[in-house]
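Student: Please see the structure below; I have some questions.
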Amino acid sequence: MNGAIVIYQIRNLSQAKKVKFGREFRGYTDKSNKGQYEYYREGLLDEIPHRKFTRGVLLIKREDRKKMLDFMNEYKVEVHTRNVELTPEDIEILSSHGS
């Protein structure tokens with residue numbers, strides 16, 4: 008199975024854009040009525056099986072690469088990708104994501 012390494016940096020974004028990017032990318036918990044109710048708002052990473060290595064470095068399936076790049080380009084994020092061959096451990100993690 009083939010995958011892609013995605014390396015991104017958001018340092019060129021304003022603080023407001025960084026927050027918006029993070030919420031749409033990772034998702035967030037929305038609280039209302041002084042914290043009485045909580046709702047989880049999904050982000051892109053909830054839809055895409057991934058493995059996070061460190062800040063700004065993700066391993067995804069190759070077929071999800073376009074979706075990821077389209078999202079990154081919306082925010083004009085500095086992003087680099089490389090195609091890689093997945094290890095059996097990576098395949099297991101990416102296959103079991105969201106199950």
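Residue numbers (our numbering): 8 to 106.
Note that the Cβ used here is the ideal one computed from N, Cα and C, for glycine as well.
Bear in mind the structure is a predicted one, so any value in this text is a computation, not a measurement.
1. When DSSP builds the beta bridges, which residues end up paired with A11?
2. Of the residues R62, F32, R18, D71, which one's Cα is nearest the Cα of R48?
3. What is the rounded straight-line gap between the Cα of N80 and the Cα of V86?
4. Measuring alpha carbon to alpha carbon, tell me which of Y44, V84, D37 ends up nearest G50.
5. Helix, strand or coil, according to DSSP, for Q22 in the structure here?
Tutor: Result, derived from the coordinates:
1. I67, N90
2. F32
3. 8 Å
4. D37
5. helix
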